[in-house]
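Order-wise, the sequence lines are chains A and B. Position 130 of the first sequence, counted from 1, bears residue number 133 in the numbering used here, the numbering being contiguous throughout. Position 82 of the second sequence, counted from 1, bears residue number 85 in the numbering used here, the numbering being contiguous throughout. Glycine residues also receive a C-beta, built at the ideal position from the N, C-alpha and C atoms. Contents: one structure, followed by commentary.
2 protein chains.
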Amino acid sequence: MNTVEKTTSKGAADTVADSLSVAIHEHRLAPGTKLGEDEIGEIFSVSRTIVRSALQSLAHQQLVDIQRNKGAFVARPSLREAREVFEARELLEPRTARSAAMHATPEDVDLLNLHIREEHDALAAADRGKALRLSGQFHIDIARIADQTTIAAFIEALIARSSLIIALYWRRQAALCESVAHHDLVSAIATGDGDRAEELMRSHLVDLHSALDLRDAPETAGSLRDVLQL
Amino acid sequence: MNTVEKTTSKGAADTVADSLSVAIHEHRLAPGTKLGEDEIGEIFSVSRTIVRSALQSLAHQQLVDIQRNKGAFVARPSLREAREVFEARELLEPRTARSAAMHATPEDVDLLNLHIREEHDALAAADRGKALRLSGQFHIDIARIADQTTIAAFIEALIARSSLIIALYWRRQAALCESVAHHDLVSAIATGDGDRAEELMRSHLVDLHSALDLRDAPETAGSLRDVLQL
DNA sequence: GCACGCATCATTGTATACAATCATGTCGGC
DNA sequence: GCCGACATGATTGTATACAATGATGCGTGC
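Now the structure itself:
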């Protein structure tokens, strides 16, 4: 049901990586946070070998930044990267939404509705982090439904980085994640309306993009600001 | 000059990963080949720790397939994956070529011409593997020139997998890699003709795609066939 | 009082040792 | 003679020990 089946014996490293990944997605781990190997190893009761493997995995999808002889840190996407990530999403996701609308089965639609409900519940419980993560999960679900594994993997990576970007550059304080957009998307997908799904996804991403402050923040001031907000 | 600068101290694992990656790209390591940890460690005179790290890195970009308690093998993309990879390339690369035509500097064009020359030389020297690798490198160069790091990384991953796909499903025996297509592309990029670059890239990829035998090969017969060709 | 250099310490990089799992080949039974 | 169970060997998974590098803080000299 999840990303990896239990039956294939997931491996301890993946468990650690998943936990860290979720924590980052839920904004419980802020960009720039140092991820010490011993520290994490103690938390999960595994050796540094496992932690190291997990961190390398996260580094590969650019969720963490490993600096040689310095350690691993939760990544801080630059403005440039932020722009690129959203440009890439705007290129890939609308087409994927269209494809999802074509391929979706009733069970797929049920799954999407379930996830929307969970997202809504999290928001009602004032669990902003969880709502944010589920919001991203929704986009990944759509990519999965579209039955394009390769592109779905790309989108998954982009959404992961989007979470970091939102943590760094989010502007609108309240009224985030208007899940109404997601709801409309599901209805378009449920009725197999590819055109509408594509357009809804496009405008949804433009909305998201425009809710970020990607204009001219100083590239290097990040570390300072980070210290202050701690 | 390469993917990673020497000055940042590349790390032994990356060296091993790069060597293996090149070997795969040059079809010196066939899909399905077992990559034993001790074996590789002895070749490069490093411990299994390093080898393991390198293999995990390659696994993440799906160049090798790691099966728990079984080992690492050069990946064998399925027909489905092969189709998806080329569909994704056809989605991403034409637009990237257009962007490259817009951004290319004279030095960029020089670099492309240099690489085409190297490719031609390799072909003249009957070094089919090297020519193939350089042919892929050419596409990566274009993505780099397009100045879209994120998408360039995706394309790089797709080209890596394309190399495996070509190894498995290539149909036309002779007359491969008509570098004339690359040459035309460079001229379009050099003159800043985005439309033409986009169209040339699109047709080049369609050519490539159609030179593969992706029709109905049995998904599971691979292992058998592999044994026979050894 | 400030700055530079050095020593100490903490953390990461790598190698090796041990444990667990899977593959292979042999032996016994049918 | 063929099939299955078991034992042995090889290979991978994990933990730990050692080495190397970077960070911190103190002391000395100016």
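- When only Cα atoms are considered, A:His28 and A:Gln140 end up about 10 Å apart.
- Secondary structure of B:Leu82 (DSSP, three-state): helix.
- At a cut-off of 9 Å between C-beta atoms, B:Ala91 counts as an interface residue with respect to chain A.
- Residues of the same chain with a CB within less than 8 Å of the CB of A:Gly44, apart from the 5 flanking positions on each side, are Ser50, Arg51, Ile53 and Val54 in chain order.
- Counting along the chain, B:Val49 sits inside no alpha helix (DSSP H), nor does DSSP assign it H or E at all.
- In the structure shown, A:Ala160 adopts helical secondary structure according to DSSP, grouped into three states.
- Per DSSP, A:Asp130 lies in no alpha helix (DSSP H) segment and is marked neither H nor E.
- About 7 Å separates the beta carbons of B:Glu84 and A:Thr153, which is inside the 8 Å limit, making them a contact pair.
- Counting of Cβ neighbours within 10 angstroms places A:Asp113 among the exposed residues, the total staying below 16.
- With fewer than 16 other Cβ atoms inside 10 Å of its own Cβ, B:Leu117 counts as exposed.
- Taking 9 Å as the cut-off, the beta carbon of B:Leu211 is found closer than this to the beta carbon of B:Ser165.
- Here the segment 74-90 of chain A lies against the segment 33-41 of chain A, with 3 or more beta-carbon pairs under 8 Å apart.
- Counting only residues of its own chain and dropping the five nearest sequence neighbours on each side, B:Ala134 has a CB closer than 7 Å to the CB of Glu122, Ala125, Leu126 and Cys180.
- DSSP lists B:Leu38 and B:Ile69 as the beta-bridge partner residues of B:Ala75.
- In chain order, Arg83, Glu84 and Glu87 make up the part of chain A whose C-beta sits under 9 Å from the C-beta of B:Thr152.
- Of the other Cβ atoms in all chains shown, 16 or more fall within 10 Å of the Cβ of A:Ala163; this residue is therefore buried.
- Here A:Leu217 carries a coil assignment [DSSP, helix/strand/coil].
- Excluding the 5 residues flanking it on each side, A:Gly197 has same chain C-beta neighbours closer than 6 Å at Arg101, Ala104 and Met105, in chain order.
- A Cβ-Cβ separation of about 12 Å leaves B:Ile143 out of contact with B:His185 under the 8 Å criterion.
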